[in-house]
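Visitor: After the structure tokens below, expect a handful of questions from me.
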Amino acid sequence: MDFMMGLLALSFILMIYLLVWNSIVLRWDEASAQNSMASSAFLASESLLATRGEPTGWEMLPANMTGNVTAIGLVNGRNELNPQKLSALVADNATAYSTIKARLGLQLYDFGLSVEDITGDTVYYQFGKFPGPLSGNTVVIDRFGILNGTPVIVHMEVYG
Amino acid sequence: MKGFVITLDAVIAISFFLFAIIIITSQLYQPRSPNDLYLKELTLDTITVLVKTGGIDQAIEGNISSVQEVLQATPDLACMGITIYNSTGDVVASTVKSGCNYTVGLDMQAAAASERFNQENFMVQSESWFKAGSD
């Protein structure tokens, strides 16, 4: 009788322990996944706004997304957006979205990028796919750039 | 009865042990958030853009509207302030994003840049922090 009661109490405690542990692990996984996506989004924005890409004149290549380009950057100097690079990126939207994602380290996610005026009212360039209302977790990154001598917002939404 | 007491004692001991493990492990595991890095880069972006587009020069001349316009365009979760010092360390211009206040104990990110205007050197300092309750 004592043994049975002890076993019952032990089983009850173990069950509670497993339930609590499971819920903690699920929360850790969620936080890790969110942080991983946020880090990737941040690094992609850094690549776009702080580098020229590799090769630096990638926008001039005729078939610029077919393995010749190893990194994508949109600026001449830090934050100084190059309209030609932006146009090349937008032009490749339909055919090279996945390749560009991979070059930015975002192969696990989807993303949309827009270059807007400082008030956010006018969109000058738009690339990629923006999330719908049911797209799950989304990381939004807003950075500043300079386009034709004026400050603009480079808005990124990464989700998946 | 004695057996029951011994079993109960063991069960209580095991439950304490297991929950102690849960508490210790949950305290040790701190997922690293890139938010601070993002705030740092946003601070650098702001100062770079203001220096390169002439917003800082305008602020030195007394027109701080361009600086305020850029500060207002920062994400809602971020607060930011810009201060410009002359070569003797006096404040030439200073502004903070509206709805934000400097508070003691804030976890801040800072960046600085130099600017030369009308043959005089200036130091631009930008400080940013997360709005209370946004992180």
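Protein sequences appear in the order of chains E and H.
So the first sequence is numbered by the working numbering: it starts at 3 and just counts up by one.
So the second sequence is numbered by the working numbering: it starts at 1027 and just counts up by one.
Ideal placement from N, C-alpha and C gives every residue a C-beta, glycine not left out.
#1: Using a Cβ cut-off of 9 Å (strictly closer), state whether T121/E contacts chain H.
#2: Applying a beta-carbon distance threshold of less than 7 Å, which residues of chain H neighbour T152/E?
#3: Could you name the residues of the same chain whose beta carbon sits closer than 6 Å to that of I1082/H, not counting the 5 residues immediately before and after it, in chain order?
#4: If we count the other Cβ atoms within 10 Å of its Cβ and call it buried at 16 or more, is G55/E buried or exposed?
#5: For the alpha helix (DSSP H) holding Q1145/H, just list the boundary residues, first then last.
#6: Going by Cα to Cα distance, which pick from A1136/H, T1114/H and V1117/H is closest to M1106/H?
#7: Is S2/E helix, strand or coil when you go by DSSP?
#8: Could you tell me whether the Cβ atoms of L115/E and G134/E are closer together than 9 Å?
#9: Name the one or two DSSP bridge partners that I15/E has.
#10: Can you pull out the residues from the region 1092-1119 of chain H whose beta carbon lies closer than 7 Å to at least one beta carbon of chain E?
#11: Grouping DSSP H, G and I as helix and E and B as strand, with all else coil, what is E48/E?
#12: Do D1102/H and the ligand PLP come close, with the Cβ less than 8 Å from some heavy atom?
#13: Report yes if the C-beta distance between Y127/E and D119/E is below 9 Å; otherwise report no.
#14: Verify whether the separation of the beta carbon atoms of L1063/H and F146/E is less than 9 Å.
#15: If we define contact as Cβ-Cβ less than 9 Å, is G1125/H a contact residue for chain E?
#16: Is the Cβ-Cβ distance between I1040/H and I15/E less than 9 Å?
#17: Listed in chain order, which residues of the region 78-106 of chain E have Cβ atoms closer than 9 Å to some Cβ of chain C?
#18: Might you give, ordered along the chain, the residues of its own chain that have their beta carbon closer than 6 Å to the beta carbon of N70/E, omitting 5 neighbours on each side?
#19: Helix, strand or coil for R80/E? Go by DSSP, reduced to three states.
#20: For M39/E, count neighbouring Cβ atoms within 10 angstroms of its own Cβ and tell me buried if that reaches 16, exposed if not.
#21: Just tell me which of E1095/H, S1120/H and T1033/H has its CA closest to the CA of P153/E.
#22: Taking a cut of 7 Å between CB atoms, which residues from the region 18-35 of chain E lie near chain H?
#23: Grouping DSSP H, G and I as helix and E and B as strand, with all else coil, what is I1049/H?
#24: By how many angstroms is the C-alpha of W1155/H removed from the C-alpha of L10/E?
#25: Looking only at DSSP bridge pairs, what is Q1094/H linked to?
#26: The beta strand (DSSP E) with I165/E in it runs from where to where?
#27: Let's test the definition: count the other Cβ atoms within 10 Å of the Cβ of K1028/H and tell me whether it reaches 16, buried, or not, exposed.
#28: For the candidate residues A1139/H, Y1128/H and I1049/H, whose alpha-carbon lies nearest to that of I1110/H?
#29: Roughly how many whole angstroms lie between the Cα atoms of R105/E and N1112/H?
#30: Can you check whether the CB of S47/E is closer than 9 Å to the CB of V156/E?
Guide: In short, the structure shows the following:
#1: At least one chain H Cβ lies under 9 Å of T121/E.
#2: T1079
#3: L1076, E1141 and V1150
#4: buried
#5: Counting along the chain, Q1145/H falls outside any alpha helix (DSSP H), and DSSP gives it neither H nor E.
#6: A1136/H
#7: Missing from the structure shown is residue 2/E; chain E here goes from 3 to 162 and no further.
#8: no
#9: Paired residues: none, contrary to the question.
#10: E1095, V1096, A1099 and P1101
#11: helix
#12: The ligand PLP is not among the ligands present in this structure, which contains no ligands whatsoever.
#13: No.
#14: no
#15: no
#16: yes
#17: Of the chains in the structure shown, none is chain C; the protein chains are E and H.
#18: L63
#19: coil
#20: buried
#21: Among E1095/H, S1120/H and T1033/H, the Cα nearest to that of P153/E belongs to E1095/H.
#22: Y19, V22, W23, I26, W30, A33 and S34
#23: helix
#24: 53 Å
#25: Looking at the DSSP output, Q1094/H bridges to nothing.
#26: Residue 165/E is absent from the model: chain E starts at 3 and stops at 162.
#27: exposed
#28: Checking every option, the nearest Cα to that of I1110/H belongs to A1139/H.
#29: Taking the straight line from one Cα to the other gives about 43 Å.
#30: Yes, the pair counts as a contact, with Cβ atoms nearer than the cut-off.
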